[in-house]
Every structure is written in structure tokens, then in C-alpha cells.
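Only one structure is covered here, and it is reproduced in the block below.
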Amino acid sequence: MIERWGVFEARFPGSEAAAVEARFTHGDRAVRVPGFYDGDGTHVVRFSPDAEGEWSYSTTSGDAELDGRTGTFEVGPPSPRNHGPVGVAGTFHFAYADGTPYRPVGTTVYNWAHQPEDHYRETLESVAAAGFTKLRFLVFPQGGNHVGHVPDAFPFARDGDRWDVSRIDAAFFRRIDRAVRDLLDVGVQADVILFHPYDGGRFGLDGLTAEQDEVYLRHLVARLSAYRNVWWSLANEYDILDRPDERWDGVFRTLRDADPHTRLRSIHNWIRLYDHNKPWVTHVSLQNGSAVADFGRALLYRDTYRRPIVLDEIKYEGDTAERWGNLSARELVHRFWIATVSGTYASHGESYLVDGGTLSIVAGGRFRGESPPRLAFLRRILEEVDGAGLDPIDKWDDPTNTAGIPRQVYLQYLGLDAPPTWTFRLPQGVVGERLQVGDRFAVDVIDTWNTTVEPVGREFTLTSVERNDAWADGEPVALPAGEALALRIRRIDG
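Numbering-wise, the UniProt record's numbering puts 292 at position 292 of the sequence shown, and it's gapless, one number per residue.
Now the structure itself:
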């Protein structure tokens, strides 16, 4: 019995030079799924069924040994922790396939999958314990500065000084398999980075041709896409690599056409932005150190791209000399809250020097900074929102920096230095349900650094509703001045 959105796997003997594809059917539906060679004379087909009931399959191959293999299997209901794959919801947000909202509060450890076993396990346990919901990591190992460990396996066999992508090193890719499965087991999305410019001239994996790219991509898609927690990130800092945008367009098309499970697809920049309006982009992954350094900037990306915005690099908490790696924990948490009230999402990373010169964002291990528990607290606040996600209420001119779901719930972030008092005011947006005189609200004071939620202890009733503002009478709310505070304002039904 396979659970819905689980992984069905069939293995068949066959030569390394052969190829196999399987056709999975359920009633009048059919899905074509590519197989891959997994070494040791074995081909594998992996498929994630999205409906309960009986499925059947039959294989097609130019190799007689692989052709015409058939079978059936039964798909049952998902287990309680299995909500299906993540997709786009409400234009700017994410949800699992069963409709459960997904809040991406992620982190980054580039070379995690290639670390020694004890370090690999320590990273996995740290990510899970910290409550992060997404981990970004590289397929190809990183070389150059701040890399203290060279893996003992590489993705392809060598042909002189070049990589022969037709000869897959199964041991290498099984390590990537394991990383994705291990993240799935602890409930974390695997944001798999397919290419990167951090080779440093050491391995030559940044020098593949477009034709080699396609062979590699089709193998990786066949191998990984059945795992419901997979996201495809085409590259980290794609614009450092000497490749025209047309080539990246081709990578996107290959992923879109080869992936029977249509997993999420993005690409991450250094300086030059990719055109995220292209149809194969599902969500926007950005590096921008200033986008959430102040209010009002990040939300502009929403209007530009009309897709979920994930600021996967907003600088990191750390102690390095580089400007991208020396934020204080308080500043990083502050930037996450700005991202939140901008209707966007952000990713964490730690750039502490460890183990004689490598960086924690490269090698992983235990978290050393102070931001992870505060970001877990933010995630819990977001998960209490009953809806797709928080959107800016009045993006045209709102000095209160309020996001929410109109007439249901609002989140105002007061910044790093709250004033001594707050007077009840809600912005009135131009979309969504309109506020009305007589609407009643409860207010919580959220300390974003000390991770506390304190109810104000009295109700607020709207006495004035104008075109752009709504007000409630009563004394101002006393606040702990100078703290990094947010206010949660929820309408009381009845």
C-alpha cells in the first residue's frame, strides 16, 4: 500500500546504456514518468500518485529486458503528517496539495549533502529542531574559499580532464536522494540548487555544455521529482556563470517538460535579475540586501512579478568581514518581520567562521546564532493565520506597515524601537472585505525578540470608518517603548 503523495518505486535489471519510461494509469488518467539508471545494472522508476485507488503501470524501452514490464499497486489515504506537495496559493503564497497553508521560513547550508556523516546528521537535527520549514542546498559540491571538506564522490565519471555526464556516479546521486528523504522525514522542504558558480576552478562542474546540462537535469528530475518536498532552484547567483539568459530559459523548459510532478521552479540572482514573469517560473527567489532593510521596498516585487516572493538572501547573521555575512541576530529578525508585513517571505543563513576557516552556511552543523528561535516564533505566528497568507492592506500609502486578511486579521510591525503608546487605527484597503462601524477587535502585543504574546485585555470597537482609515475610541495602549514589537489585531465574531 502506497500512501497518496508517497513514493512508488519499481526497479528493473538493464544495461547502463538503455533508457526506460513508465506509463502510470488511474481510471482514464495517464502519466508518463521517466526512469533513471541507478548503477549495478539497475534502472529505477519513481512516481508519486496524487489520487487514491488502484494504479497500474507499463514500461517502454528500446531494451527488450526493460520493455513491457507491468504491474499494479494500491494507493491509500495520506498519513497525518503528509499534506502533499507545496504549490502556489492565493497568487503570492503557498499551500500544500490538501489546502493546508505552508509558511516558508527557511535556511541555507550549501554543502550540507557532501559533509562527513556526523556533520551531516548534526545539520539535519539542527534544522529540524530549529523549526525551519525549508533548506536550500547544492547538488554539485562547492569549491574555493571557505570550503573545508572535499567529498569522496562526484556526479559523473571522468573522461580525461572532462566530465562524462553519460556515466552517472550512482553513489553521488544516492547521497542527494538521502538528503531529500531525510528532510522529508523531518517535515522540511528540499530547495535543491542545480547549478552554482562556486567551483573556484577546482572541479570544473561549472563548465558543462548546454547538452550536458540536459543529460544531468533529466537524470536528476527522474531521480528526485517523486519526492513531494522537492523544489527546483535552477542556480544560486545564476548571473555569475557565463551563460546567456536563453540558456537558462532552456534549463527551465527542460525542467518543466521532464518533470511529471510539476514541482516548484525558481532561479536566484547575484546582481542581475532574471525575468521572473516568464511562464515557467512558479515563484521568485531573490538576493537583495536592501529589500527588507526598510519598509516599502519588498512589496514592489509583488506588483512586478505577481508571484510568491521569497527573499532567499537578505544577508546573513554572522561574523565575517564580507558585508553579506555580518548581520546581527536582531537585524536579521527585524528584516524577516519587514518581509512578513510586505507580504513576502525570507530565508535565514549563518555566516560564522568555523573549523579553521570554513563558514557555517557552507558546512552546517549546529546553529551558533541567536536568530533561529525568534524565526521559529515568527513561523508559529504565521501558522495561526487562517488563510492563504498576509497581504499588504494599503500598499499605496500606509504608515502603519500593516499586512493581513481584510476584516479578519491584521499584523502591524512597529520596528526595532516601538513608541510608548499605540492608538487603534486600521488601514482600509481597496480590495477585500470592507471594515464597518461596530466591528470589534482583540489586540495582542508581540515582542519579536523576547518571543512573547501579551493580550491587551480589552476589546476595541470601530467608531469611525473612512475611505482609507478605521478608528476605535478609547485610551491608547501602553507599550514597552524601545522594544521590537508587532501588533496582532483580530476581529471578534458575533
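By construction, the Cβ of each residue, glycine as well, lies at the ideal position given by its N, Cα and C atoms.
Collapsing the DSSP output to three states places Ala128 in a helix. Linking Val150 to Glu65 through their CA atoms gives a straight-line distance of about 38 Å. Here the segment 91 to 106 does not lie against the segment 63 to 77, with fewer than 3 beta-carbon pairs under 8 Å apart. Contact check for Val230 and Val192: beta-carbon distance about 6 Å, within the 8 Å limit, so the pair qualifies.
Just so you know, the alpha carbons of Gly187 and Ala128 end up roughly 8 Å apart. A straight-line Cα-Cα distance of about 43 Å links Arg307 and Ser15. In the structure shown, Gly71 adopts extended strand secondary structure according to DSSP, grouped into three states.
With distances taken between CA atoms, Ala321 lies nearest to Tyr352 out of Leu426, Tyr352 and Val292. Ile271 is not a Cβ neighbour of Ser233, given a cutoff of 8 Å.
Between the beta-carbon of Asn145 and that of Gly200 there is about 7 Å, and that keeps the pair under the 8 Å contact cut.
Relative to the Cα of Val409, the nearest Cα in the group Val431, Ala442 and Gln436 belongs to Ala442. Using a Cβ distance threshold of 8 Å, Val180 and Tyr110 do not count as a contacting pair. C-alpha of Arg491 to C-alpha of Ile338: approximately 23 Å in a straight line. Non-local beta-carbon contacts of Leu435 in its own chain, meaning distances under 7 Å to residues more than five positions away in sequence, involve Arg407, Leu426, Gln428, Leu462, Val465 and Ala470 in chain order. Nearest neighbour of Phe367 by Cα position, chosen from Val310, Thr60, Leu411 and Gly318, turns out to be Gly318. Arg488 sits close to Asp444, with the two beta carbons spaced by under 8 Å. Nearest in C-alpha terms to Ile381, of all of Asn401, Gln412 and Val354, is Gln412.
In the displayed model, Ile393 falls within coil according to three-state DSSP, outside both helix and strand. Annotation: the continuous alpha helix (DSSP H) that includes Asp213 extends over Ala210 to Leu224. For Ser61, the enclosing beta strand (DSSP E) covers residues Gly53 to Ser61.
Between the C-alpha atoms of Ala210 and His196 there is a straight-line separation of about 15 Å.
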